[in-house]
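Those sequence lines, one after another, are chains F and A.
The opening position of the first sequence corresponds to residue -6 in this note's numbering, with each subsequent residue numbered one higher.
The opening position of the second sequence corresponds to residue 296 in this note's numbering, with each subsequent residue numbered one higher.
Ideal Cβ positions, reconstructed from N, Cα and C, are used throughout, including at glycine.
Working notes, structure below.
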Amino acid sequence: MSASLVRAAGWFAVAVVFAVGGFVLPEFYVTLLNYIGLYSLVALGLVLLTGASGITSFGQAAFVGIGAYTTAVLSTHAGLSPWLGLAAGLGITLIVSVILGLLTLRLSGHYLPLGTICWSVSLYYIFGNIQAFGGQTGMMGIPPIELFGLTFDTGRRMYFLIWIFTLAALLVSDNVLHSRAGRAMRALKNNAQTAENFGVNGGAMRLWVFVYAALLAGLSGWLYAHLLRFVNPSPFGIAMSIEYLFMAVVGGAGHVWGAVLGSAVITILREFLQDAMPGILGRTGNFEIIFFGALIILLLQINRDRGFGALFDLYKRRPPSPSDHGLPAVARRSGDQPLLSVRGVSRRFGGLVAVDNVSFDVARGRIVALIGPNGAGKSTLFNLVTGLLALDAGEVWSNGSRIDRLRPHQIVGRGLARSYQHVVLVQSASVLENVMFGAYHRTRRGPLAAGLGIGGEEEHLTVTEAERQIRRVGLEKWMNEPAGNLALGQQRLVEIARALCAGPELLLLDEPAAGLRHAEKAELATLLRELRASGTSVLLVEHDMRFVMGVADEIVVLNFGCKLAHGSPTEIRRDPRVLEAYLGGSVK
Amino acid sequence: MLLTQDGLVNGAIYALLALALILVFTVTRIIFVPQGEFVTYGALTLALLQQGIVPATVLLLLAAGVMAAALELWSGLRSPHRRRSVTLAMLYTGYPALLSYSLYYHIGAPANVAAQVLVTLAIIVPLGPILYRVVFQPMANASVLVLLIAAVALHLVLMGGGLLAFGPEGGRTSPLIQANFDVGVMTVTGQSLATLAASMLLIAVLFLAFRHTLRGKALRATAVNSVGARLVGVSPETAGAICFTLAALVGAVSGILISSITTIYFDTGLLIALKGFIGAIMGALGSYPLGALGALVVGQIEAFSSFWWSAFKEAILFASILPILLWLSITHPATGDEE
């Protein structure tokens, strides 16, 4: 039986369990499950937003409010169908979230949550102060949802509607997380610059996730309004936003079912505490927040943001099966222009000139090594070439077109892929997934298609491609191992495989041989020569001189940001300036 | 003019809070949402003392102290610094125990205003380092995001604790200074002048202490580079504890100052802290003078919008953050190398 069939059977079984539950469970549990479903929808958005992409929002309840109030106003005041209310609510949520996302998502880490707190407080007061919305007392008499002559006017009937939507959202979100888009989100959370280097447009991807989470919240609001048939501002305030985030934290950041687990834990705990607390404290009041707060602090101290989601690690969705051929090869651009041409490039950090008027070319099919003492500006040069740093002066060209004005995520499309001096892999993800991410810019499948299960063939091609590159660096034994379990030298090889998966014409390797054993270095050298033979050029930074001298066709020597020498290994070995820079004195 | 005066007084308090928030953030990377709870605790503790009641916050302090001691012993007894952690644990439990014992059985609530303020500070300020020890020190190396969630969780715990200690009723204190001055057509209350003066003084003291004392320099070093500071012998734990002491001090003082101007409820803290945050954000969470200036602006926006369109006061105030964020996002684009 194929993996996808097993999966389909699993989801079907879950759906049957929930359907049967809807008929046999007593009223009390149905109500409880209704709330759990509503909260799960919102928490699910946060699993993608916070868990996968590393964006924290304290404003989800406000989106729930937008969904609820829109349908309340349209269906009571204007007498329109709740389904129109749903469309309008989602539409408004979409517009508001796009605007807020554009405003806040470009901000670095800590402003974003503060920003979300502020606009959610602002929206809360708007709900409570518009007379047409009934002010603080709210609006009553919201009509029930009708569909095909069926009226969803009881909790039990709403149960089916709520859980149809919730299960569908879980399925879609699970698909997204296990797709090209999900890999991009995790890469973005892990290290935004690396994600950009492999072609992820970080801003667009963050906006997509933010809007998706907002729409789930808006949907939850619509269901909420028609379940209670009454809305007032209080469930849409900052307190509830915090609670949603807690649900996502309790459920763990990495798994869609964590959202359901987190919602269930918090909802049931609150139910229990509200019964038990007055007995303990002899007073009534909102005291369960003490417990929730303490629980979250404890959980974070023990387990950071993984929550109880580790429970779901037992169930690991298998990667798609490989197909018989890999991704179509990236079209090689012809011409005799150099693959990289660095022309008079300079970069200052304050008073320090890290790179000073450096020029050199990397021709097709050449291995060029960049050497120099520590602090010579080698890694800075890599960052300048791959668009992570802006140039102060000079130009960078590739294959006859200028690339120094491109955004980082556009450069990989020009045939440049790189590895990093400090390994940047998603440590918890498998080697295979990390390498698959390398093919991001060669593939097209967006999050929406992935969510709906369209265009899955591409995933099979990507797996094949990634497996091929992993074999190429000799790591096939560790394919499904989490990248973090590998030795540092092996992790460098994973980075090389990931860069190869991008199908580059020019491979930029930052200290690829560091941490490798002797035999592994020899294999790496063989691999680099193979690449050269197939027409790929390599620019590498390396301190192991024996390795460099053995593999490089040309060597560029940097010292204090300036180009000191450029020539064949033999020339460099004899160059008195190089000897002086390295040995601190002239060798007579 | 009256509005300007109102705005100035509130703004001065927000400025104090903004400074505390910037201090805590730069040194410990914690976005300290519970800062507002120090304000409410300070205000309501003083309010209870003025009614002649020994406030239950002292018991909260004791409870937190016991937890801190337990944690200290748990981690300390297996480390080479056993003596130090035993001393700390005794301090964590001994001080609150002594304080509650003497308050409940000997002194009671003092009648003298100055003594009331002192007792309030004696209860609230130690909460800072104790809470740091219990909540944040065990996860000092976590990401900004995780620390923020923990801060929000602590805010909830403290808010619940506040409800427990003070009940749902609001509290208001009588002005510390009764005098009024007539300046032209308007009356300036002594309290608002005192508030302004006290905020200015505290800001100046903090500023000078940072510039010129060794501890201040150590804190600044930790803010710039915590690993580097540790290498030259500045303990990040000590730095964190000092920051939280200062934050608690600033919060309690703000609470004492504001409590005669507005009624404070157990859940007022978040809104007050958020206004401080807006000020701090205007200063891009890094610059003290800009943060203070931003907070004064917040005070003005609040005063004027409450006059013209009071129902939407908070909405306007918090929406005013959006253009600021937009401006920030253009000038400080996400570099992505945060966590």
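Annotation for F/V534: the continuous beta strand (DSSP E) segment containing it runs S530 to V534.
A/L354 is the residue among A/A493, A/L354 and A/A610 whose C-alpha sits nearest the C-alpha of A/I419. Contacts between F/V114 and chain A, judged by CB atoms closer than 7 Å, involve L569, E609 and F613 in chain order. Of all residues in the stretch 418 to 433 of chain A, the ones placed with a Cβ closer than 7 Å to any Cβ belonging to chain F are V430 and P433, in chain order. For the options F/I259, F/E281 and F/V258, the alpha carbon positioned closest to that of F/A269 is the one of F/E281. Checking the DSSP bridge columns, you'll see F/W390 partnered with F/S334 and F/R395. Counting only the Cα atoms, F/V335 lies some 18 Å from F/Q403. In the three-state reduction of the DSSP assignment, F/L140 falls in the strand class, which pools E and B. Within the same chain, G448 come within 7 Å of F/A442 by CB-CB distance, once the 5 residues on both sides are set aside. Here DSSP, grouped into helix, strand and coil, assigns F/N184 to coil. Rounded to whole angstroms, A/V328 and F/R522 show a C-alpha spacing of 56 Å.
For F/F353, the three-state secondary structure derived from DSSP is strand. Under a criterion of Cβ atoms nearer than 7 Å, the residues of chain F adjacent to A/A448 are, in order, G286, I289 and I290. Look at A/A365 here: in three-state DSSP terms it is helix.
Straight-line measurement puts the Cα of F/L31 at about 20 Å from the Cα of F/L77. At the C-beta level, A/L314 and A/A587 come within 9 Å of one another. With 16 or more other Cβ atoms from the protein chains shown falling within 10 Å of its own Cβ, F/N376 counts as buried. Taking a Cβ-Cβ threshold of 8 Å, the residues of chain A close to F/P106 are I326, L440 and L443, in chain order.
F/V224 is outside the set of residues whose beta carbon lies under 9 Å from a beta carbon in chain A. One Cα belongs to F/G365, the other to F/V416, and the distance between them is close to 21 Å.
Rounded to the nearest whole angstrom, the C-alpha separation of F/T529 and A/V452 is 59 Å. Proximity of chain F to A/I576 at the Cβ level (cut-off 9 Å) is accounted for by Y104, L107, G108 and C111, in chain order. Residue state for A/S370 is assigned as helix, using DSSP reduced to three classes. Near chain F, meaning a CB-to-CB distance below 9 Å, the residues of the stretch 451 to 463 of chain A are L451, V452, L453, M454, G455, G456, L458, L459, G462 and P463. DSSP places A/A513 in the helix class (H, G or I) of the three-state scheme. Close CB contacts of F/S421 within its chain, under the 7 Å cut and outside five residues either way in sequence, are with P475 and G477 (chain order). Within the same chain, F353, V355, S530, V531, L532, L533, A545, D546, E547, I548 and V549 come within 8 Å of F/V361 by CB-CB distance, once the 5 residues on both sides are set aside. Taken through DSSP and simplified to helix, strand or coil, F/N296 comes out as helix.
For F/H559, there is no enclosing alpha helix (DSSP H); the enclosing beta strand (DSSP E) covers residues C555 to G560.
Cβ proximity to chain A below 8 Å picks out N122 from the stretch 120 to 138 of chain F. In the DSSP assignment, F/D503 is bridged to F/V534. The alpha-carbon separation between F/N27 and F/E264 amounts to approximately 14 Å.
Assignment of beta-bridge partners to F/S423 by DSSP yields F/P475. In the displayed model, A/T340 falls within a helix according to three-state DSSP.
Residues of the stretch 29 to 62 of chain F whose Cβ lies closer than 8 Å to any Cβ of chain A, in chain order: T43, G47, T49 and F51. Across the structure, A/A404 and A/F461 are spaced so that their CA atoms are roughly 15 Å apart.
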